[in-house]
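First comes the structure, then the notes that go with it.
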């Protein structure tokens with residue numbers, strides 16, 4: 251067969267590539283696991299970014315995925331230095347391939363021939379007649395499918411220094427349908443409390459300092475009038491943070507509706523309406539950030555700051571109401 255593509259749907263959550271991968275492969279029963287999790291947000295100092303809790307291991311621990319990884323030495327021992335052969339054999343066996351490549355060599359990206367930047371990428375198929383791999387990634391700040399020449403992937407992958415295993419390991423993902431997952435109301439309530447009261451998650455290995463929940467989000471509340479107008483902080487809002495907050499509220503709306511529809515919470519239309527309203531408010535704020543990136547207007551930055559203050563206040567009241575409802 252000259253062309254083969256594994257299942258890939260449009261993801262509802264895709265702030266970062268791992269989220270796009272997970273939510274583009276997700277099966278319906280896995281949503282219960284999603285609703286139990288994806289509540290706490292943390293800020294990672296070394297990564298300089300906001301993310302869902304357990305960001306770096308979500309693909310590993312997801313019950314709906316079979317996750318395997320091979321060090322580059324074993325890859326070479328089996329396939330030589332042919333990433334193309336790795337991809338074809340893996341796809342034929344039903345495995346997605348998850349790798350890091352230097353975007354300098356990938357013509358789909360803004361970094362092409364313009365700067366070295368290692369970034370992760372999902373390969374979900376191939377077209378041998380075109381000598382292309384079928385790939386998916388946040389190429390233009392949106393998780394999209396595309397075709398990429400095998401030759402570019404070969405250059406982008408093999409150029410990585412073997413000093414960093416994280417960049418050179420190849421990960422193999424397969425949809426797993428043999429799993430059970432049930433709603434855990436105690437876990438959901440604990441997640442909301444940890445988010446609201448900024449309680450830390452205790453990791454087995456602490457690789458860097460973190461801030462959690464609402465305390466972490468205070469980092470976004472720097473009044474533009476108090477900023478150094480020549481600073482990068484003033485001139486550029488990190489869109490990822492604001493898109494994550496929107497997707498966080500999107501999941502909260504879906505979670506609440508599911509819990510009420512399936513009898514885990516007493517039905518409350520007012521609470522549901524509030525969750526929809528919050529989602530729309532965070533979407534509006536994210537759209538202002540997008541607008542600001544094209545037109546750096548001081549009025550826009552002040553409006554973003556004011557909206558964030560208002561949204562966080564509304565969200566705090568909303569979480570408290572959810573927790574009270576869960577006790578009923």
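In this note's numbering, the protein residues as written are 251 to 578. The C-beta atom is built at its ideal place from N, Cα and C for all residues, glycine as well.
Counted as a single uninterrupted DSSP element, the stretch harbouring residue 420 is not any alpha helix (DSSP H) but the beta strand (DSSP E) occupying residues 420-425. Inter-residue distance for residue 442 and residue 572 is about 9 angstroms (C-alpha atoms, whole angstroms). For residue 569, the CB contacts under 6 angstroms within the same chain, skipping 5 residues up- and downstream, are 442, 446 in chain order. Contact between residue 503 and residue 541 is absent: CB atoms are separated by about 24 angstroms, not below the 8 angstroms threshold. In the three-state scheme derived from DSSP, where H, G and I count as helix and E and B as strand, residue 261 is classed as coil.
Straight-line spacing of the CA atoms in residue 283 and residue 433 works out to 7 angstroms. Nearest to residue 262 by C-alpha distance, out of 548, 394, 461, 578, is 394. For residue 556, the closest of 577, 519, 472 by C-alpha to C-alpha distance is 472. Burial check for residue 544: the Cβ neighbour count within 10 Å stays below 16, so the residue is exposed. When the alpha-carbon of residue 422 is set against those of 408, 430, 292, 322, the nearest one is in 322. The criterion of a C-beta distance shorter than 9 angstroms is not satisfied by residue 314 and residue 268. Residue environment for residue 536: buried (at least 16 other C-beta atoms within 10 angstroms of its C-beta). A check of alpha carbon separations from residue 498 across 260, 357, 255, 286 identifies 286 as the nearest.
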